[in-house]
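Contents: one structure, followed by commentary.
There are 2 protein chains.
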Amino acid sequence: MPQIARLTRPSQLSETVSKTIEQWIADGVLAPGVKLPTEKTLSAEFGVSRAVVREAISRLKAEGYVASRQGAGAFVEARPGQASFRLADDVDAADPAAMVHVFELRYIVETAAAALAARRHSAPDLARMREALQRMDQAVAACADGAQADDDFHVAIAAATGNPALQRFIRFMGHQFFDSRVPTWSAQGHAAGRAAAAQAGHQRMFEAIAAGDAAGAREAARQHMVEAARRLGIDTKDWDPAPQAPWEEEALP
Amino acid sequence: MPQIARLTRPSQLSETVSKTIEQWIADGVLAPGVKLPTEKTLSAEFGVSRAVVREAISRLKAEGYVASRQGAGAFVEARPGQASFRLADDVDAADPAAMVHVFELRYIVETAAAALAARRHSAPDLARMREALQRMDQAVAACADGAQADDDFHVAIAAATGNPALQRFIRFMGHQFFDSRVPTWSAQGHAAGRAAAAQAGHQRMFEAIAAGDAAGAREAARQHMVEAARRLGIDTKDWDPAPQAPWEEEALP
DNA sequence: TTATATTTGTCCGTATGTATA
DNA sequence: CTATACATACGGACAAATATA
Chain A
23 MPQIARLTRP
33 SQLSETVSKT
43 IEQWIADGVL
53 APGVKLPTEK
63 TLSAEFGVSR
73 AVVREAISRL
83 KAEGYVASRQ
93 GAGAFVEARP
103 GQASFRLADD
113 VDAADPAAMV
123 HVFELRYIVE
133 TAAAALAARR
143 HSAPDLARMR
153 EALQRMDQAV
163 AACADGAQAD
173 DDFHVAIAAA
183 TGNPALQRFI
193 RFMGHQFFDS
203 RVPTWSAQGH
213 AAGRAAAAQA
223 GHQRMFEAIA
233 AGDAAGAREA
243 ARQHMVEAAR
253 RLGIDTKDWD
263 PAPQAPWEEE
273 ALP
Chain B
23 MPQIARLTRP
33 SQLSETVSKT
43 IEQWIADGVL
53 APGVKLPTEK
63 TLSAEFGVSR
73 AVVREAISRL
83 KAEGYVASRQ
93 GAGAFVEARP
103 GQASFRLADD
113 VDAADPAAMV
123 HVFELRYIVE
133 TAAAALAARR
143 HSAPDLARMR
153 EALQRMDQAV
163 AACADGAQAD
173 DDFHVAIAAA
183 TGNPALQRFI
193 RFMGHQFFDS
203 RVPTWSAQGH
213 AAGRAAAAQA
223 GHQRMFEAIA
233 AGDAAGAREA
243 ARQHMVEAAR
253 RLGIDTKDWD
263 PAPQAPWEEE
273 ALP
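Here the protein sequences come in this chain order: A and B. Here the working numbering is used: the first residue of the first sequence is 23, the next is one more, and so on. Here the working numbering is used: the first residue of the second sequence is 23, the next is one more, and so on.
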């Protein structure tokens, strides 16, 4: 029997309350800076206990919608909801258009990260990349699953940029596409040579980064991402990140 | 009296508890699928009431770290925290290192967006940019605050990429730095010519985008972002996104 | 400045529905 | 089927911070 994703029941009082207030904020009923009704009032209006209201407000605080001050009240934040960036929960499902858009965003940051990694990498960074590369080599040789090592390799590059914000964003994006690596590392992927091709791209990226060649690393990453995008059926004609010198145009795929 | 940003105190028991558990998950102490200690146990261990623990878990649920089932317990999600991307809460305050990192991420996506906008823009997109430009022109002429129009201009470029994910991310990043535009559009900024200089950069970006010149738009955006970064005291020496043709090197600042 | 009322923060006890052994 | 464990929810209470008169 296949694994059934457990449905998230909305039948949680505190969640219902928090979503309702969130909607009030989104609709402008509660403008930034405005004071929320008191917990006592809210509990009376919703017909729930004060504990439920407090849990709902905890959610809103965690998501950056409100901030509360003891003795004063809870207030709508100046830029409600802008504290966190959320993608559609189901990138790899249902909505192919959304996947294209998210992948393009991933392409942008991954190519830039490769260039920065070429300039800023340390010895431990290279060792981490090399270790992930070796695990993928083994996976290619054994026709095994190298998806995790694949992910680790990209995260290692991100770490080599020395920019934790960039690193966390790439990790975030990578996890969104973790499932999409299956066609590469599946049995069919090995048979069709997709795993070996991907690994060759990784190798080119690593060599350019290790050599400190920022432009080469960016181009290797670009080719690698374009190939991955095409496996997902994504149009990549607008993806030339660099002002290419004219004579290079023909050399590109 | 200038507007003083109200400090966010971490002295909230439920926040301390949720951050601690979040760290456990990040460190792998609590792996995906693992059951959290019961509320009773947690309240005993932390020395707080169950209400505090419940509020902490509400936060974790809102952020996608855990899911709880009545009668069973709370469990770490399969990809904890990867449902949303969060930056340090105080980008424009306190932590200058974090600001540098976030600004670099912004630089990456803004330059790429300018290039994509040059290729994909529609007539309404151009009209929207032109409108924001005119508002900034008026602000420059009147020594008024053009921060909102500035933000709108960058969002209009993002919209012209036709990529809603990229658009939302740029909007998200822009809001993080909204306060940082003050030195440009303040009275001192006008007097020092910073507003006029920024506006000249906007104009160059617009012209390249309108002409469909992707490389030019990228370079104009790059210069604009580098200038903004330098106003914030950020080192930009690693920021040449493109494999430049050799003869172009000297022409760059 | 002082005093008082309001509001959030925290704690405790209890009851109920659900999951699991 | 029964018993236990657990999350969910309720109510009352006090402390601490804030706002107001």
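For each residue, glycine too, the CB sits at the ideal point set by N, CA and C. Since the model is a prediction, treat every value here as computed from it, not as a measurement.
Contact under 8 Å by Cβ, residue i with residue j
i, j, result
"His212(A)", "His246(A)", "no"
"Arg81(B)", "Ala94(A)", "no"
"Ile192(A)", "Met151(A)", "no"
"Ala169(A)", "Phe199(A)", "no"
"Val88(A)", "Leu58(A)", "yes"
"Arg244(B)", "Asp260(A)", "no"
"Val75(A)", "Ser65(A)", "yes"
"Trp207(B)", "Ala218(B)", "no"
"Glu249(B)", "Asn185(A)", "no"
Straight-line gap, residue i to residue j (C-alpha atoms, nearest Å)
i, j, result
"Ala53(A)", "Ile47(A)", "6 Å"
"Ser202(A)", "Leu254(A)", "8 Å"
"Arg157(A)", "Ala105(A)", "37 Å"
"Ala214(B)", "Val124(B)", "26 Å"
"Gly276(B)", "Arg128(B)", "Limits of chain B in this structure are 23 at one end and 275 at the other, which puts residue 276(B) out of reach."
"Leu148(B)", "Glu229(A)", "42 Å"
"Val56(A)", "Val98(A)", "6 Å"
"Arg91(B)", "Arg72(A)", "21 Å"
"Ala181(A)", "Gln189(A)", "6 Å"
"Glu153(B)", "Asp159(B)", "10 Å"
"Ala187(A)", "His176(A)", "15 Å"
"Lys41(B)", "Pro102(B)", "13 Å"
"Asp112(A)", "Ala171(B)", "Interpretation of Asp112(A) is limited by its pLDDT of 45, a score under 50 that renders its predicted location unreliable; no figure is taken from the coordinates."
"Leu35(A)", "Ser36(B)", "19 Å"
"Asp257(B)", "Met121(B)", "12 Å"
"Asp173(A)", "Val204(A)", "12 Å"
"Ala161(A)", "Phe68(B)", "44 Å"
"Thr38(A)", "Glu61(A)", "15 Å"
"His143(A)", "Glu132(B)", "24 Å"
"Gln210(A)", "Ala78(A)", "47 Å"
"Ala233(A)", "Thr63(B)", "53 Å"
"Glu44(B)", "Thr183(B)", "36 Å"
"Ala222(A)", "Ala96(B)", "42 Å"
"Arg226(A)", "Ile130(B)", "22 Å"
"Cys165(A)", "Ile231(A)", "27 Å"
"Asp167(B)", "Leu155(A)", "52 Å"
"Asp235(A)", "Ala220(B)", "32 Å"
"Ala163(A)", "Ala251(A)", "24 Å"
"Gly194(B)", "Val70(B)", "Correcting the residue identity first, residue 194(B) is Phe in this sequence and not Gly. Cα-Cα distance, rounded: 36 Å."
"Ala119(A)", "Ala119(B)", "36 Å"
"Pro146(A)", "Phe107(B)", "26 Å"
"Asp49(A)", "Gly86(B)", "24 Å"
"Ala100(B)", "Ala100(A)", "33 Å"
Mind checking the region 242 to 255 of chain B against chain A and listing, in chain order, the residues whose C-beta falls within less than 8 Å of any C-beta there? none
Can you confirm whether the region 136 to 144 of chain B touches the region 234 to 251 of chain B when touching is taken to mean that 3 or more C-beta pairs between the two stretches lie within less than 8 Å? yes
Runs of 4 residues minimum, wholly inside the region 24 to 94 of chain A: which ones carry the alpha helix (DSSP H) assignment? 35 to 48, 61 to 68, 72 to 84
Give the residues from the region 135 to 162 of chain A that approach chain B closer than 9 Å (Cβ to any Cβ), ordered along the chain. Ala135, Ala137, Leu138, Arg141, Arg142
Entirely enclosed alpha helix (DSSP H) segments - the region 208 to 267 of chain A, minimum 4 residues: 209 to 213, 216 to 232, 236 to 253
Could you tell me which uninterrupted alpha helix (DSSP H) segments, each at least 4 residues in length, are contained entirely in the region 98 to 147 of chain A, listed from first to last along the chain? Qualifying alpha helix (DSSP H) stretches, in chain order: 118 to 142.
Going along the region 90 to 112 of chain A in order, which residues come within less than 7 Å of chain B, judged by CB to CB distance? Arg101, Gln104, Ala105, Ser106, Phe107, Arg108, Leu109, Asp111
Note down, in chain order, all residues in the region 78 to 89 of chain A with a beta-carbon under 9 Å from any beta-carbon belonging to chain B. Ala78, Ile79, Ser80, Arg81, Leu82, Lys83, Ala84, Glu85, Gly86, Ala89
What residues in the region 37 to 51 of chain A have a beta carbon less than 9 Å from any beta carbon of chain B? Glu37, Ser40
To test your reading of the DSSP string, which unbroken beta strand (DSSP E) runs of 3 or more residues are found completely within the region 170 to 198 of chain A? As far as the region 170 to 198 of chain A is concerned, it has no whole beta strand (DSSP E) run of at least 3 residues.
When Cβ atoms are compared, which residues of the region 177 to 190 of chain B fall closer than 8 Å to chain A? Correct list: Asn185, Pro186, Ala187, Leu188, Arg190.
At a Cβ cut of 7 Å, what residues of the region 54 to 77 of chain B count as close to chain A, listed as they run along the chain? Those would be Ala73, Arg76, Glu77, in chain order.
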